[in-house]
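Structure, as structure tokens:
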Amino acid sequence: MLLAVLSGFLVAASLLFPGRPLKGKGAVLLTLLPAGLFIYFCSLLPQAAAGERLFFHYPWVPAMGVNFDFWLDGLSMVFCLLITGIGTLIFFYASSYLKGHPYLDRFLGYLSMFMSAMLGLVLSDNVISLFVFWELTSITSFFLIGFNNDSEASRKSSMLALAITGGGGFFLMAGLVLMGTVAGSYSVQEMIAGNALMKNHALYGVICFLVCAGAFTKSAQFPFHFWLPGAMKAPTPVSAYLHSATMVKAGVYLLARLTPVLGNHPYWSLTLMITGGFTMVYAAVHSLFRTDLKSILAYSTISALGMLVFLTGVGTGEAFTAMAVFVLVHALYKASLFLVTGVIDHETGIRDVTRLSGLQKVLLPVAVAGVLAALSGGGIPLTFGFIGKDLIYEATMRAGNAGLLTAAALLTNILLLYAGFVAGIKPFTGRLSEAFQDVHLPPLSMWLPPLLLAVAGVVLGLFPGVLDVPVVGPVVTAMQGTAEGIHLHIWHGFNFTLLLSAVTLVAGVGFYLLRKPTHKAELTIGRLGFISPQRLITGAARGVIRFSDWFTILFQNGYLRVYLQYIVLFLTVLLGIRYLGEGRPEISVSQFSEITVYEGVVSGVILLAILVTILTSSRLTAIASLSVVGYCICLLFVFYSAPDLAMTQFTIDTLTVVLFVLVLFKLPAFTKISTTAVKVRDMVMAVAFGTLITIIALEVLEEPVNKEISRYYAENAYVLAKGKNVVNVILVDFRGLDTMVEITVLTIAAIGVFSLLKLKINPAEKE
Amino acid sequence: MKTIILKTASRYLLPLLLLFSVFILLRGHYLPGGGFVGGLVAAISFVLHAFANGLSNTRLLLKYHPRILIPIGLGLSLLSGFVPMLFGEPFMKGLWFPEPLPVIGMVGSALFFDIGVYFVVIGVTLTILFTISETTQLEE
Numbered sequence: 001m002l003l004a005v006l007s008g009f010l011v012a013a014s015l016l017f018p019g020r021p022l023k024g025k026g027a028v029l030l031t032l033l034p035a036g037l038f039i040y041f042c043s044l045l046p047q048a049a050a051g052e053r054l055f056f057h058y059p060w061v062p063a064m065g066v067n068f069d070f071w072l073d074g075l076s077m078v079f080c081l082l083i084t085g086i087g088t089l090i091f092f093y094a095s096s097y098l099k100g101h102p103y104l105d106r107f108l109g110y111l112s113m114f115m116s117a118m119l120g121l122v123l124s125d126n127v128i129s130l131f132v133f134w135e136l137t138s139i140t141s142f143f144l145i146g147f148n149n150d151s152e153a154s155r156k157s158s159m160l161a162l163a164i165t166g167g168g169g170f171f172l173m174a175g176l177v178l179m180g181t182v183a184g185s186y187s188v189q190e191m192i193a194g195n196a197l198m199k200n201h202a203l204y205g206v207i208c209f210l211v212c213a214g215a216f217t218k219s220a221q222f223p224f225h226f227w228l229p230g231a232m233k234a235p236t237p238v239s240a241y242l243h244s245a246t247m248v249k250a251g252v253y254l255l256a257r258l259t260p261v262l263g264n265h266p267y268w269s270l271t272l273m274i275t276g277g278f279t280m281v282y283a284a285v286h287s288l289f290r291t292d293l294k295s296i297l298a299y300s301t302i303s304a305l306g307m308l309v310f311l312t313g314v315g316t317g318e319a320f321t322a323m324a325v326f327v328l329v330h331a332l333y334k335a336s337l338f339l340v341t342g343v344i345d346h347e348t349g350i351r352d353v354t355r356l357s358g359l360q361k362v363l364l365p366v367a368v369a370g371v372l373a374a375l376s377g378g379g380i381p382l383t384f385g386f387i388g389k390d391l392i393y394e395a396t397m398r399a400g401n402a403g404l405l406t407a408a409a410l411l412t413n414i415l416l417l418y419a420g421f422v423a424g425i426k427p428f429t430g431r432l433s434e435a436f437q438d439v440h441l442p443p444l445s446m447w448l449p450p451l452l453l454a455v456a457g458v459v460l461g462l463f464p465g466v467l468d469v470p471v472v473g474p475v476v477t478a479m480q481g482t483a484e485g486i487h488l489h490i491w492h493g494f495n496f497t498l499l500l501s502a503v504t505l506v507a508g509v510g511f512y513l514l515r516k517p518t519h520k521a522e523l524t525i526g527r528l529g530f531i532s533p534q535r536l537i538t539g540a541a542r543g544v545i546r547f548s549d550w551f552t553i554l555f556q557n558g559y560l561r562v563y564l565q566y567i568v569l570f571l572t573v574l575l576g577i578r579y580l581g582e583g584r585p586e587i588s589v590s591q592f593s594e595i596t597v598y599e600g601v602v603s604g605v606i607l608l609a610i611l612v613t614i615l616t617s618s619r620l621t622a623i624a625s626l627s628v629v630g631y632c633i634c635l636l637f638v639f640y641s642a643p644d645l646a647m648t649q650f651t652i653d654t655l656t657v658v659l660f661v662l663v664l665f666k667l668p669a670f671t672k673i674s675t676t677a678v679k680v681r682d683m684v685m686a687v688a689f690g691t692l693i694t695i696i697a698l699e700v701l702e703e704p705v706n707k708e709i710s711r712y713y714a715e716n717a718y719v720l721a722k723g724k725n726v727v728n729v730i731l732v733d734f735r736g737l738d739t740m741v742e743i744t745v746l747t748i749a750a751i752g753v754f755s756l757l758k759l760k761i762n763p764a765e766k767e
Numbered sequence: 001m002k003t004i005i006l007k008t009a010s011r012y013l014l015p016l017l018l019l020f021s022v023f024i025l026l027r028g029h030y031l032p033g034g035g036f037v038g039g040l041v042a043a044i045s046f047v048l049h050a051f052a053n054g055l056s057n058t059r060l061l062l063k064y065h066p067r068i069l070i071p072i073g074l075g076l077s078l079l080s081g082f083v084p085m086l087f088g089e090p091f092m093k094g095l096w097f098p099e100p101l102p103v104i105g106m107v108g109s110a111l112f113f114d115i116g117v118y119f120v121v122i123g124v125t126l127t128i129l130f131t132i133s134e135t136t137q138l139e140e
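Sequences listed follow chains P and E, in order.
The working numbering applies: residue 1 is where the first sequence begins, and numbers increase by one.
The working numbering applies: residue 1 is where the second sequence begins, and numbers increase by one.
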């Protein structure tokens, strides 16, 4: 199982080596990866459906309760099948779609990494590893969305997607850690077992908020939805994969996964129902105002995601069934429509729906795919979408506040039908214009995947029974514990649900026939842009950037003296407050040992040297007297029997003087720049800081010394490390790792100096 | 500062100081000393040579830029940490030959670690000093 999850990363890493062959015809071979994984998960399907516990444990950091625990239950199974199944078609499709692209191998590498991350995400039982995979999907989708990195719009929208989903990731991480702390375990299964504790905990509201923030950003819920239409800058296979079946559904998956832990609580249900409900209506209305095919699909995707979140929030058995079915319905028809759009875009170069018509004459198999997908998406009887829509109405009608919920679902479904028809049917009907006469059918690998997906949407509609026990039932079990009475039917009898379906159909189709998408509507909605969430949130982000600019320039202005001032001032104020608050520290002068002649003389020399340093008007004198201070300190080390320190200090001081002398030549002639006021200020600061440090040093003497550590070193230096010089034994043995890191730091310092002075990256900028 | 006395003296002082630095390095395990101080003393010996004979002559004498000592030293230290793992011991566990070698004394993984430190310190110190002085000379 670990291999199955990580295989995408392994394959991506191995793509570095073959090079050229994989950029051409060989690229199609990579389809074997998702296909193999799809077969693997299918082979596990009977076991999962039989309720067998498929749990795979791989320790990672067991001491902190962080492991790679993979748990394949009904919910993860559906997502695994979608990820690998649709993934297979996408890989197949992309190898033609991007044929001849210089970075085709890189693209497929990103894609397989993304697939692996998604698999890890839906299989993780441990919330920490779940979070790691969650972030990996954000990062890999960043590369996929920004794949056309020579276009600025593409780079911008990938940054936006990363910023939004990554920002949500922070919230999610906080939420998951809190959950782990409350439950005492990072395992979702154990959290489910102790969910009463979670729901009654004082932090429940906070957890709920954080988890929802993470899921809503990922699943493009209002007000974070705007990254998704932007992400349409990606190549179409990416849009199809990320936005129909995988990335954006990760948020829905998370909500569904955590429903047994956090659900069945008013906070949870209301948040999901209001956000999801609002998003589905808002985005469905928005899709009316778009003319770009991918834009229409993007908004209808947001709307469908809103529907899924909404159903999760409703929280009844019917709602979970509807959600499970709708995940499948949506993945099938939306991926198909995206791929159809991709073919149209690839062959005609146009995505503007007002200019496309009559393409069925030249792209017949694609047209069939588009029409079938639109029918399933619209919920026409005998398609899988019909069953999904029925279930949705049943769920809303049996929930509390049925009138409002059903009305919202009805409106959304009508508009989704309209959007699906515009994207899937409109380009193929009507008269074929002159410009498209010489459009020809792309290779099989490009029209077969959408056709397969669309046909699957119809076949499953005719035989829904094949799904209810092995797939849909286990999902509902995973979300609420049991799945009694879950059966999918084509025909539910004459009832109110059927009436609603009929209303949806008539209204949607009528609307489609009467209204044509126009650019005028797109312009109208564009004028409302100033109050859109995108503008508000990016505005806020810009505000943060401006603030951090200001803040950085305040502290990092490039003057060493200013840095030193800030550091010293900060410490002085902090320590000063502490002493003022706690009163005078107790220092007993009487306990000091007597000052010997040597000590007195050396201290006198130090003081004298400092005075000379301050008062001299020659730099060389200043440096020489500073080094006198250094050597005097070495002498003090010798007096107090620290020969190692003294030796090191002595050599370091020598080198410092050499260094100073080297730089000295470069400095301009000595001038007095500081005014008296500045000097007084510096003096006050220096004296205050010095006094504080002295007080601290004296206070430390008052503390009882814990000699346990030094005694341990002294006693064991020879026994354990065969050395008699304790200082050196500590450096190279007991604390050898510290030394290792220190010499690494030294190296970094050397590299820093070398590159600052030697590397002239842009000579034009330097003078 | 190209006085004849210093020049002549530095010619003899350089090997002497280098020997002394190795001596400091080796005695570190039993008496004050060690790789860090040893490295600094060795660096000073080259700096002294550079003062007396000019930097370019010291560079000629060294043949290679001192910065290559940094990866050598870092690698040696790291390797000495890994060696115990070959014997099934944890990372950086001290391993020693049972009998002391003449002149050098006890030989063990910690000694090689210290030699690595010695090289890194020479490399870093000389790289920084040479870089600064070369840049200042060039811009004059």
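Here a beta-carbon is modelled for each residue, glycine too, at the ideal position from N, C-alpha and C.
Check the Cβ-Cβ distances between Glu767 of chain P and every residue of chain E, and say whether any is below 8 Å.
Numbered from its first residue, the first sequence carries residue 767 of chain P at position 767. Confidence at Glu767 of chain P is low in this model, with a pLDDT of 45, below 50, so the placement of that residue is unreliable and no value is reported for it.
Under three-state DSSP, which class holds Val768 of chain P?
Residue 768 of chain P is absent from the model: chain P starts at 1 and stops at 767.
Is the CB of Pro98 of chain E under 8 Å away from at least one CB in chain P?
Within the second sequence, numbered from 1, the residue matching residue 98 of chain E stands at position 98. Chain P contact via Cβ: absent.
Looking at Ile164 of chain P: is its Cβ nearer than 8 Å to the Cβ of Phe91 of chain P?
Against the first sequence, residue 164 of chain P aligns to sequence position 164. Against the first sequence, residue 91 of chain P aligns to sequence position 91. The answer is no: Cβ separation not under 8 Å.
Which residues does DSSP pair with Tyr58 of chain P in a beta bridge?
Here residue 58 of chain P refers to the residue found at position 58 when the first sequence is read from its first residue. Note: Tyr58 of chain P sits in a beta bridge opposite P:Phe68.
Members of the segment 13-38 of chain E near chain P, C-beta cut-off 9 Å:
Ile24, Arg27, Gly28, His29, Tyr30, Leu31, Pro32, Gly33, Gly34, Gly35, Phe36, Val37
Relative to the alpha-carbon of Leu254 of chain P, which residue among P:Val745, P:Asn126, P:Ala161, P:Phe511 has its alpha-carbon at the smallest distance?
Numbered from its first residue, the first sequence carries residue 254 of chain P at position 254. Cα-wise, what sits closest to Leu254 of chain P is P:Asn126.
Per DSSP, Met126 of chain P forms a beta bridge with which residues?
Residue 126 of chain P sits at position 126 when you count from the first residue of the first sequence. The amino acid occupying residue 126 of chain P in the given sequence is Asn; Met does not appear at that position. In the DSSP output, where bridge partners are listed per residue, Asn126 of chain P has P:Ser187.
Please go through the same chain and pick out, in chain order, the residues whose beta-carbon is closer than 6 Å to the beta-carbon of Leu293 of chain P, but skip the five residues on each side of it.
Taking the first residue of the first sequence as 1, we reach residue 293 of chain P at position 293. Counting only Cβ-Cβ distances below 6 Å, and skipping sequence neighbours, we find Thr341, Arg351, Val353, Ala423.
Just the Cα atoms here: how many angstroms apart are Leu162 of chain P and Ala502 of chain P?
Position 162 of the first sequence, counted from the start, is the residue given in the question as residue 162 of chain P. Position 502 of the first sequence, counted from the start, is the residue given in the question as residue 502 of chain P. Each residue's alpha carbon lies about 41 Å from the other.
Nearest by alpha-carbon distance to Arg735 of chain P: which of E:Thr131, E:Gly81, E:Leu129 is it?
If you number the first sequence from 1, residue 735 of chain P lands on position 735. For Arg735 of chain P, the nearest C-alpha among the options comes from E:Gly81.
Just the chain P side, please: which residues come within less than 7 Å of Met85 of chain E by C-beta, in chain order?
On the second sequence, residue 85 of chain E is found 85 positions in, with the first residue counted as 1. Near Met85 of chain E there are no residues of chain P at all, since even the closest Cβ is about 14 Å away, more than 7 Å.
Residue span of the alpha helix (DSSP H) that contains Asn148 of chain P, given as start and end:
Mapped onto the first sequence, residue 148 of chain P falls at position 148. Taken as a continuous stretch (DSSP letters only), Asn148 of chain P belongs to no alpha helix (DSSP H), as it is neither H nor E.
Using a cut-off of 8 Å between C-beta atoms, extract the partners of Phe754 of chain P located in chain E.
What you label residue 754 of chain P is simply residue 754 of the first sequence in a count that begins at 1. By Cβ distance, chain E contributes Arg67, Thr127, Ile128, Thr131.
Out of P:Val727, P:Leu272, P:Ala94, point me to the one whose CA is closest to Pro237 of chain P's CA.
For the purposes of this step, residue 237 of chain P is taken as the residue at position 237 of the first sequence. Closest by alpha carbon: P:Ala94.
Buried/exposed call for Trp268 of chain P, threshold 16 Cβ in 10 Å:
Within the first sequence, the letter at position 268 stands for residue 268 of chain P. So Trp268 of chain P ends up on the buried side.
Roughly how many angstroms separate the alpha carbons of Ile751 of chain P and Leu129 of chain E, rounded to a whole number?
Position 751 of the first sequence, counted from the first residue, corresponds to residue 751 of chain P. Position 129 of the second sequence, counted from the first residue, corresponds to residue 129 of chain E. Their backbone Cα atoms lie some 12 Å apart in a straight line.
Answer yes or no: do His49 of chain E and Met106 of chain E have a C-beta to C-beta separation smaller than 8 Å?
Numbered from 1 along the second sequence, position 49 holds the residue referred to as residue 49 of chain E. Numbered from 1 along the second sequence, position 106 holds the residue referred to as residue 106 of chain E. It is not a contact, given that the beta carbons lie outside the stated cut-off.
According to DSSP, is Gly276 of chain P part of a helix, a strand, or is it coil?
Your numbering for residue 276 of chain P matches position 276 in the first sequence. Three-state result, Gly276 of chain P: helix.
What does the Cβ neighbour count give for Glu140 of chain E, buried or exposed, with the cut at 16 atoms within 10 Å?
Position 140 of the second sequence, counted from the first residue, corresponds to residue 140 of chain E. At Glu140 of chain E the pLDDT is 46, less than 50, meaning the model places this residue with poor confidence and gives no usable figure here.
Give every residue of the same chain whose Cβ lies closer than 8 Å to the Cβ of Glu767 of chain P, excluding the five residues on either side of it in the sequence, and list them in chain order.
As a working note, residue 767 of chain P is residue 767 in the first sequence. Low confidence applies here, because Glu767 of chain P scores a pLDDT of 45, under 50, leaving its location unreliable and the question unanswered by this model.
Chain E contacts from the segment 647-677 of chain P (Cβ-Cβ distance under 8 Å):
Met647, Thr648, Thr651, Ile652, Thr654, Leu655, Val658, Leu659, Leu662, Val663, Phe665, Lys666
Grab the span of the alpha helix (DSSP H) containing His49 of chain E for me, first residue to last.
As a first step, residue 49 of chain E is located in the second sequence; it is residue number 49 there, counting from the start. Run containing His49 of chain E: 35-53, per the alpha helix (DSSP H) assignment.
What three-state label does DSSP hand Val73 of chain P in the structure shown?
Position 73 of the first sequence, counting from 1, holds the residue named residue 73 of chain P. Reading off the sequence, residue 73 of chain P comes out as Asp, not Val. Asp73 of chain P: coil per DSSP, three-state reduction.
Does DSSP put Glu140 of chain E in a helix, a strand or coil?
As a working mapping, residue 140 of chain E is identified with position 140 in the second sequence. The predicted position of Glu140 of chain E is uncertain, since its pLDDT is 46 and thus under 50; no value can be drawn from it.
Between Met683 of chain P and Gly690 of chain P, what straight-line distance do the alpha-carbon atoms span, to the nearest angstrom?
Residue 683 of chain P sits at position 683 when you count from the first residue of the first sequence. Residue 690 of chain P sits at position 690 when you count from the first residue of the first sequence. If you take the alpha carbons of Met683 of chain P and Gly690 of chain P, they lie about 10 Å apart.
Compare the C-beta of Ser10 of chain E against all C-beta atoms of chain P and say whether one is closer than 8 Å.
In the second sequence, residue 10 of chain E corresponds to position 10, counting from 1. No, no contact with chain P.
Per DSSP, what are the beta-bridge partners of Asp352 of chain P in this structure?
As a position in the first sequence, residue 352 of chain P is number 352, starting the count at 1. DSSP lists P:Asp292 as partners of Asp352 of chain P.
Please report how far the alpha carbon of Thr312 of chain P lies from the alpha carbon of Thr271 of chain P, in whole angstroms.
Within the first sequence, residue 312 of chain P is the residue found at index 312, counting from 1. Within the first sequence, residue 271 of chain P is the residue found at index 271, counting from 1. Taking the straight line joining both Cα atoms gives about 11 Å.
Taking DSSP's pairing of strands, which residues face Gly108 of chain E in a bridge?
Here residue 108 of chain E refers to the residue found at position 108 when the second sequence is read from its first residue. Beta-bridge pairing links Gly108 of chain E to E:Trp96.
Would you kindly report the start and end of the unbroken alpha helix (DSSP H) that includes Glu742 of chain P?
As a first step, residue 742 of chain P must be located in the first sequence, where it is residue number 742. 736-758 is the extent of the alpha helix (DSSP H) around Glu742 of chain P.
Residue from P:Ile139, P:His57, P:Glu52, P:Ser445 with nearest C-alpha to Val28 of chain P
Position 28 of the first sequence holds residue 28 of chain P. Selected option, being the one with the closest Cα: P:Ser445.
Near Leu359 of chain P, which residues of its chain fall below 6 Å by C-beta distance, leaving aside the five closest residues on each side in sequence?
Residue mapping note: residue 359 of chain P aligns to position 359 of the first sequence, counting from 1. The answer, listed in chain order, is Pro427, Phe428.
By how many angstroms is the C-alpha of Ser45 of chain E removed from the C-alpha of Phe9 of chain P?
Against the first sequence, residue 9 of chain P aligns to sequence position 9. Against the second sequence, residue 45 of chain E aligns to sequence position 45. Going by the C-alpha atoms only, they are around 52 Å apart.
9 Å Cβ cut-off: residues of chain P touching Gly81 of chain E
Here residue 81 of chain E is taken as the residue at index 81 of the second sequence, counted from 1. Correct list: Gly736, Leu737, Met740.
Ordered along the chain, which non-local residues of its own chain (more than five positions away) have a Cβ less than 8 Å from that of Phe17 of chain P?
The residue labelled residue 17 of chain P in the question sits at position 17 within the first sequence. Cβ neighbours of Phe17 of chain P beyond the five flanking positions: none.
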